[in-house]
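Using the numbering used here, the first residue of the sequence shown is number 265, and each one after it goes up by one.
Note that the Cβ used here is the ideal one computed from N, Cα and C, for glycine as well.
The structure appears below as structure tokens.
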Amino acid sequence: MEGEPRDYIYRPVGIMADHVTQQEMGFQAVRAAEQVFMLLGAINAVGGVHPDFKMGVTDTFAGYDNLRVRNPPYDITLERSRFFPLSSANPSMVSQVIKEPSVFNVDYKPDVLIVRDGNTLIDAASQVDISGAYSEFKFVAVIDPWLNETADHYADVVLPSATMEQYDGPLNVGTMYTEAFTMRLPPISPLFSSRGYIDIIIDLAESAGVLYGPGGMNDVLNTMMAFQSAFRLDLDAKPQTRSILSRWAKSNGIEQGVRFFEEAGVTAQNRPPEAIYTQPGYRSYSNMRHRFYGASLLEARRDMEDLGTGDSYSQDYTALPTWRTPTFEGSGSEYDLTLISYRKVQYIRSRATHFVHMNE
Numbered sequence: 265m266e267g268e269p270r271d272y273i274y275r276p277v278g279i280m281a282d283h284v285t286q287q288e289m290g291f292q293a294v295r296a297a298e299q300v301f302m303l304l305g306a307i308n309a310v311g312g313v314h315p316d317f318k319m320g321v322t323d324t325f326a327g328y329d330n331l332r333v334r335n336p337p338y339d340i341t342l343e344r345s346r347f348f349p350l351s352s353a354n355p356s357m358v359s360q361v362i363k364e365p366s367v368f369n370v371d372y373k374p375d376v377l378i379v380r381d382g383n384t385l386i387d388a389a390s391q392v393d394i395s396g397a398y399s400e401f402k403f404v405a406v407i408d409p410w411l412n413e414t415a416d417h418y419a420d421v422v423l424p425s426a427t428m429e430q431y432d433g434p435l436n437v438g439t440m441y442t443e444a445f446t447m448r449l450p451p452i453s454p455l456f457s458s459r460g461y462i463d464i465i466i467d468l469a470e471s472a473g474v475l476y477g478p479g480g481m482n483d484v485l486n487t488m489m490a491f492q493s494a495f496r497l498d499l500d501a502k503p504q505t506r507s508i509l510s511r512w513a514k515s516n517g518i519e520q521g522v523r524f525f526e527e528a529g530v531t532a533q534n535r536p537p538e539a540i541y542t543q544p545g546y547r548s549y550s551n552m553r554h555r556f557y558g559a560s561l562l563e564a565r566r567d568m569e570d571l572g573t574g575d576s577y578s579q580d581y582t583a584l585p586t587w588r589t590p591t592f593e594g595s596g597s598e599y600d601l602t603l604i605s606y607r608k609v610q611y612i613r614s615r616a617t618h619f620v621h622m623n624e
């Protein structure tokens with residue numbers, strides 16, 4: 265950068281983005297915003313932007329240095345395919361794959377679909393693709409508090425899920441400087457025939473024969489929740505949701521288990537400086553090099569073009585963030601209405617139970 269210091273007196277100190285990259289040009293917009301901080305040397309620096317609350321490198325970081333397209337067949341997310349080198353689990357795209365797998369070089373289709381708290385028939389783009397794909401599943405289960413259109417048309421079984429009257433967690437509610445955890449706690453038992461989501465999943469795993477024994481769901485939970493040996497789940501016993509969460513709490517030094525959160529609400533402690541800031545003498549965390557120029561994205565685009573993939577798939581795989589006219593603006597003049605779909609967040613996401621006085 266060139267110029268006098270006075271040109272940069274209003275140094276940006278943070279970015280707030282929530283689900284932005286899900287929009288058509290969101291990926292490019294976030295890349296451009298992060299590059300401002302790269303130019304200022306303010307990634308993982310005091311007064312700069314941090315990709316996470318604590319220092320570290322994600323498991324996927326190294327892999328993004330090589331996005332070369334692999335040979336087919338592909339799975340239904342099209343990961344590392346000539347269509348989506350970065351994958352796409354978008355319901356509308358997956359539905360197109362399920363309808364015409366040979367077009368996308370996919371050699372299998374799942375027989376069973378479980379839909380949780382989603383009304384994809386209405387919410388997702390391309391209703392004709394959603395409808396066509398869901399008609400091909402041999403069995404569809406919907407877990408939801410409400411009998412929505414997707415469940416009404418396609419569900420073989422509807423498993424009524426509780427809303428706020430269920431356990432959820434552990435939840436990270438910390439900040440840059442504070443490590444904090446809480447849980448959503450049920451103020452009452454689930455109403456009518458509804459059940460908590462975790463309880464439903466445990467029953468499904470048991471019915472499918474994947475709950476018990478080595479490699480079963482209990483075994484996976486022991487690893488995923490990092491239970492200490494004294495608190496590990498019995499591989500051959502059916503667990504209870506409250507017990508699972510208490511084992512996590514006790515493994516993290518909270519002797520009272522879930523009861524602590526019922527009485528105190530939140531556990532919090534200050535993060536040590538080495539968990540927040542780059543080490544002295546290092547240019548970045550572990551001297552890692554941040555990618556300003558996306559060479560691997562450009563290589564992936566060339567692979568896609570060599571394999572005859574259309575420009576609609578490859579156009580956003582650019583080495584530098586590049587703005588283009590959104591597809592919407594290129595629509596014909598006959599499309600003269602804009603649909604704004606307004607929905608309130610379900611009370612299943614209530615945060616009232618984080619606070620003891622609000623949870624009385």
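Would the region 416-427 and the region 455-464 be scored as touching if the rule is three or more Cβ pairs under 8 Å? yes
Can you tell me whether I340 is buried or exposed, with buried defined as 16 or more other CB within 10 angstroms of its CB? buried
Which residues does DSSP list as the beta-bridge partners of E343? F348
Three-way DSSP call (helix, strand, coil) for S493 in this model: helix
Do you know whose CA, among G382, G320 and D567, lies nearest Y418's CA? G382
Mark L497 as exposed unless 16 or more other C-beta atoms lie within 10 angstroms of its C-beta, in which case mark it buried. buried
Excluding sequence positions up to five away, which residues of its chain have a Cβ less than 6 Å from the Cβ of A353? T341
Closest by C-alpha distance to L584, when choosing among S560, T591, Y476 and G305: S560
Residues in the same chain with beta-carbon distance under 6 Å from E266, minus the five sequence neighbours each way, listed in chain order, please. In this prediction, E266 has a pLDDT of 47, which is less than 50 and means its spatial position is unreliable; what the coordinates show is noted afterwards. There are no such residues.
With which residues is A405 paired in a DSSP beta bridge? I378 and V421
Would you mind giving the Cβ-Cβ distance between F445 and D420, rounded to the nearest angstrom? I have them listed as a contact below 8 Å. Actually they are not in contact, since the Cβ atoms of F445 and D420 sit about 38 Å apart, beyond 8 Å.
Go to E470, then tell me how far its beta strand (DSSP E) extends in each direction, as first and last residue. Unbroken run through E470 is the alpha helix (DSSP H), Y461 to S471; no beta strand (DSSP E).
Here's the rule: buried if 16 or more other CB atoms are within 10 angstroms of the residue's CB, otherwise exposed. What is S550? exposed
Starting from E569, follow the alpha helix (DSSP H) in both directions and report where the run begins and ends. A559 to D570
Beta carbon of R511: closer than 7 Å to some heavy atom of the ligand MG? This structure does not include the ligand MG; it has no bound ligands of any sort.
Would V358 and R346 be called neighbours here (beta carbons separated by less than 8 Å)? no
Opposite V313 in the DSSP bridges: which residues? I307
Let me know if F592 comes out buried or exposed under the rule of 16 or more other beta-carbons within 10 Å of its beta-carbon. exposed
Excluding the 5 residues flanking M302 on each side, which residues of the same chain have their C-beta closer than 7 Å to its C-beta? H554 and F556
How would you label D371, buried or exposed, when you count the other beta carbons within 10 angstroms and need 16 or more for buried? exposed
Between the region 389-407 and the region 485-492, can you find at least three pairs of beta-carbon atoms closer than 8 Å? no
Taking DSSP's pairing of strands, which residues face L435 in a bridge? T446
In terms of residue numbering, what span does the beta strand (DSSP E) encompassing T573 cover? It is not in any beta strand (DSSP E) - T573 carries neither H nor E in the DSSP assignment.
With DSSP as the reference, identify every bridge partner of T531, one or two as the case may be. F445
Put V522 into one of helix, strand or coil per three-state DSSP. helix
Inspect the CB distances between the region 501-518 and the region 470-485 and report whether three or more fall short of 8 Å. yes
Counting C-beta neighbours from all protein chains within 10 Å, is the total for H618 16 or more, i.e. buried, or is it exposed? Since pLDDT at H618 reaches only 47, below the 50 mark, its modelled position is unreliable, and the value read off the structure follows with that caveat. It is buried - the Cβ of H618 has at least 16 other Cβ atoms within 10 Å.
Separation of S395 from F495, as counted between CA atoms: 45 Å
Assuming contact is defined by CB atoms lying nearer than 8 Å, are F525 and T439 in contact in what I supplied? no
Under the three-state reduction of DSSP, which class applies to Y581: helix, strand or coil? coil
Nearest-angstrom Cα separation, counted from V392 out to T589: 26 Å
Quick one: what does DSSP say Y546 is sitting in, helix, strand or coil? coil
Would you mind sorting A216 into buried or exposed? The rule is 16 or more other CB atoms within 10 Å of its CB. Because the chain here runs from 265 to 624, residue 216 falls outside it and cannot be looked at.
Coarse secondary structure for S333, derived from DSSP in three states: The identity of residue 333 in the sequence shown is Val, whereas the question assumes Ser. Looking at V333 - three-state DSSP - the assignment turns out to be coil, as it is neither helix nor strand.
Could you tell me whether the region 320-332 touches the region 562-571, where touching means 3 or more Cβ pairs closer than 8 Å? yes
Tell me the DSSP secondary structure of Y398 in three-state form. helix
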